[in-house]
Amino acid sequence: MRQTILSASVIAAMLFCAGVQAQSDPIKIGVVTPLSGTYAGIGQQVKWGLDLATKEINASGGIAGRKVELIYEDEEANPAVAVQKAEKLLQVSKVDFLTGTVNSGSTLAVGQVAERNNRLASTTVSFADSITADKCSPNMFRVNARAGMQSAALAEWLAKAKPNANVYYLGPDYEMGRSTVAAFKAAAEAKGAKTAGEVFAPLDNKDYSPYFGQIRGARPNVIYTSVAGNDTVRLMTQMAEFGLNRNLQVLGASGTVTSQNLAAIGKAADGFVTGVGYSTTIDNPINKKFVADFEAAYKAQPDLYGADSYGLMYFYKAAVEKAKSTDTDKVREAMRGLQWDTPQGTKTMRAGDHQAMQDMYAVQVNDGKFVIVGKVDADAAIGPDTCTKF
Amino acid sequence: MAEALEWMQYVLAPQVINGASIGVAVVLMALGLTIIFGLLDVINMAHGEFYAMGAYAAVILIAIGIPFWWALLLTPLFMAVVGYAVERTLIQRVFHSKDRHTLTLLLTFGLAIVLEDVLKIAFGANPMRIETPIGGSIEVFGLFFPNYRMFVMGMGSAIVAAVWIFIFRTRVGAIVRAAAFDRHMTASLGVPVNKVYALTFALGVALAGIAGVLLAPIYSVFPTMGRDFVLIAFSVVIIGGMGSIKGAVIAGLLLTQIQSISSLYISPVWSDPLLFGCMVLVLMWRPQGLFGRLGHG
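Encoded structure:
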């Protein structure tokens, strides 16, 4: 008897809730990001950036009056795991939007999952050009700078600083590594740099010393690398141990050395130059507030991942409020061509390939700090729209 | 001519020396495997996990404030106890059965899976780092070599030499070889063969433990660290001749040199396929390996 009353009241409560559900239920955002493995440090920045923006948005009334709830899943920087976790978030947790993927392979795979489930997804980290070029998806948006944009700023700096560059390329052996190396090679060669050779090492490689023989044999005066996370820590400390970085300019992708792994690399990172879409020294009020809040909350400096992930929340907020709905088609329409404010200044989401446009910088590590040494405007850095899927 | 000399000095020499430092570590692993096989006729599939356990033991010791050098000394002692216990409680149970080969293979394989998961549960999947105890590099003929890798090479060579002397030049070593050659005869001369077996197994496991500690600062420490490394050690043992100490040493150094020098011309990701290719060739033309078994030489 008691049970019947109990279940009846539960049903009544449920019926009551259903009436107001659409307005008061939180907007759920699924975050599939590496919380363990070689990219765990990157996932940490993603989480901090998203958490900080979500806290701010919820404190100021949420998105279109609805609170935002983030649901995290660990993808271990492994595309196969990312797909399972993304399916779970979409099917079980019924999230409205997906983000967080770091590994470019994971981003491409999750993009397909989103397409099948008719939901939107965004990456705030992945570099591979293909994500918003030949493998673009109507359901995938990228708010961070892709490999080609980073290369434009870096190649411009290299042509000025080292006119007789003979570059050796070392990348991680997957989508991102191949893409960043190809993009920078094209940009550098267009500016007159020579190519000494290239080699690719597996992701999460433990010992780079077997690779040093080929590098020594090619006699480069510049090394470009696009390894990231803990791989960079091992590569750079091993290069320093073997004296390989003497008389050599080391360049890299924007994820190679960040504030997240800079401390672990230490002195071996000094002199490193990268093309990047973010620096804590960018001079605008949003960035100043963002850096101060970030440091106060997490006792660490934000890097490009933290900044881009932070900016993503405002991108989604702007799109949903413009669309006045979380419906996939309406939000997609609102996202196309959208302009929004981020710590990196105003970004524009290009409608043709879902790639955000932004100013790009060349930054150098000097005594453990990033210093801006060059800048390329958004229009010059973005490159042609080669997406033909939509 | 000057160019060729400069190439040898600047490109070839560092690659050869680096290969040798990895080679010594591989030999340490292979030595443990080959001694266990040579004497007990057991293929120890859990050898890679004992290697990982050694590395984790060092991580724990260093975390509670013990210096690296003490960890290097204590870990093999601890691993020897583990090895002794595993031999007495697990291997001895199936050792005297008719299907000894299959049963010990399955037993150690199962143990490997359990140990790897235990490490994963206890320490998590993320790699841990041990700070390099000797930092810096030395400069030889204008080339830089990390001090620690030089130390690994020296220490490893000393351990290999010590094992060699122990097996071939001491009375206990003679008993071990005799037990490997004919255990019934040795037993009837009053030697406690079972104890010899357990101690030898412990020695092999301790060697894996030392390799784990020595390599931890270079490769970092993670639960699956033994899996790739033990495959290389197995190939070395098969190429050198199952149970041959000489074979393990020579094949270990030779194969890591092949890997190192080939890496000058092809991508180092090919060095493992190359190694396994060598193993297939040896199995085709000289299935017993390059050298004979322990006690049969």
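Sequence lines, in order, name chains A and B.
Each residue of the first sequence is one higher than the one before, starting from -14 at the first, in my numbering.
Each residue of the second sequence is one higher than the one before, starting from 607 at the first, in my numbering.
Glycine included, C-beta positions come from ideal geometry on N, C-alpha and C.
| Item | Value |
| --- | --- |
| Give a yes or no on contact between the region 151 to 168 of chain A and the region 201 to 218 of chain A, applying the rule of three or more CB pairs nearer than 8 angstroms. | yes |
| Does any residue of chain B bring its CB to less than 7 angstroms from the CB of A:Gly228? | yes |
| For A:Asp352, count the other beta carbons within 10 Å of its own beta carbon; 16 or more makes it buried, fewer makes it exposed. Which is it? | exposed |
| Based on the DSSP output, what are the partners of A:Pro123 in its beta bridges? | For A:Pro123, which the question treats as bridged, DSSP gives no partner whatsoever. |
| Quick one: any contact between the region 792 to 810 of chain B and the region 668 to 675 of chain B, if contact means 3 or more CB pairs under 8 angstroms? | no |
| Please name the residue in B:Val855, B:Met831, B:Tyr662 and B:Ser763 whose C-alpha comes closest to that of B:Phe729. | B:Tyr662 |
| Of all Cβ atoms in chain A, is any one closer than 7 angstroms to the Cβ of B:Ala652? | no |
| For A:Arg163, go through chain B and note every residue whose CB falls closer than 7 angstroms to its CB, in chain order. | Chain B residues near A:Arg163: none, gap ~13 angstroms exceeds 7 angstroms. |
| So A:Leu229 packs on A:Phe185, CB below 8 angstroms; how close in whole Å? | Between A:Phe185 and A:Leu229 the Cβ distance is about 18 angstroms, and since that is not below 8 angstroms, they are no contact. |
| Report the neighbours of A:Ser21 on chain B: residues whose CB is nearer than 8 angstroms to its CB, in chain order. | Gly730, Ala731 and Asn732 |
| Mind listing the chain B neighbours of A:Gln234? Cutoff is C-beta to C-beta under 7 angstroms, in chain order. | Residues of chain B passing the Cβ test: none, with the nearest at roughly 18 angstroms. |
| Which whole runs of the alpha helix (DSSP H) in the region 211 to 288 of chain A are 4 residues long or more, in chain order? | 215 to 226, 244 to 250 and 270 to 283 |
| List the whole-angstrom C-beta distance separating B:Val855 from B:Val648, where the pair is believed to meet the contact cut-off of C-beta under 8 angstroms. | Rounded, the Cβ-Cβ distance is 21 angstroms, inconsistent with contact. |
| What are the uninterrupted segments assigned as alpha helix (DSSP H) that are 4 or more residues long and contained completely in the region 642 to 685 of chain B, given in chain order? | 653 to 669 |
| Against chain A, with Cβ distances strictly below 7 angstroms, would B:Gln615 count as a contact? | no |
| Out of curiosity, what's the CA-to-CA distance linking A:Gln324 and A:Pro123? | 18 angstroms |
| Going by other Cβ atoms of all chains shown within 10 Å of its Cβ, with 16 needed for buried, is A:Ala225 buried or exposed? | buried |
| Who are the Cβ neighbours of B:Val817 in its own chain at under 6 angstroms, not counting the five residues just before and after it? | First, the amino acid is wrong: residue 817 of chain B is Ala here, not Val. Excluding residues within five positions, the ones whose Cβ falls inside 6 angstroms are Ala631, Leu634, Met635 and Tyr657. |
| Take A:Thr117 and list the residues in its own chain whose beta-carbon comes closer than 7 angstroms to its own, dropping the five residues that flank it on each side. | Arg127, Arg131, Asp338, His339, Gln340 and Cys372 |
| Compare the C-beta of A:Pro195 against all C-beta atoms of chain B and say whether one is closer than 7 angstroms. | yes |
| Return the residue from the list B:Leu861, B:Leu795 and B:Val843 that minimises the CA-CA distance to B:Phe897. | B:Val843 |
| So with CB distances below 9 angstroms, who are the chain A contacts of B:Pro823? | Residues of chain A passing the Cβ test: none, with the nearest at roughly 11 angstroms. |
| By the 10 Å Cβ neighbour count, where 16 or more other Cβ atoms means buried, how is A:Gln135 classified, buried or exposed? | buried |
| Would you please state the rounded distance, in angstroms, between the beta carbons of A:Leu74 and A:Val80? I believe it to be under 8 angstroms. | 5 angstroms |
| Looking at the structure shown, is B:Asn800 part of a helix, part of a strand, or coil, going by DSSP? | helix |
| Using a Cβ cut-off of 7 angstroms (strictly closer), state whether B:Leu860 contacts chain A. | no |
| Rounding to the nearest angstrom, what Cα-Cα distance links B:Asp788 and B:Pro893 in this structure? | 23 angstroms |
| Does the region 344 to 362 of chain A touch the region 260 to 267 of chain A, meaning 3 or more C-beta pairs lie closer than 8 angstroms? | yes |
| At what residues does the alpha helix (DSSP H) containing A:Gln324 begin and finish? | Taken as a continuous stretch (DSSP letters only), A:Gln324 belongs to no alpha helix (DSSP H), being part of the beta strand (DSSP E) at Gln324 to Thr327. |
| Just checking: is the beta-carbon of A:Gly198 within a distance shorter than 7 angstroms of some beta-carbon in chain B? | yes |
| I'd like the span of the alpha helix (DSSP H) that includes A:Glu174, first residue to last. | Glu160 to Ala175 |
| From which residue to which residue does the beta strand (DSSP E) around B:Pro879 run? | B:Pro879 -> not in any beta strand (DSSP E); alpha helix (DSSP H) instead, spanning Ser877 to Trp891. |
| Hey, does B:Phe897 have any beta-carbon neighbour from chain A nearer than 7 angstroms? | no |
| Using the three-state DSSP reduction, which class does A:Ala347 fall into: helix, strand or coil? | strand |
| Mind listing the chain A neighbours of B:Ser873? Cutoff is C-beta to C-beta under 9 angstroms, in chain order. | Asp158, Val184, Phe185, Ala186, Tyr196 and Gln199 |
| Less than 7 angstroms between the beta carbons of B:Thr792 and B:Ala784, yes or no? | yes |
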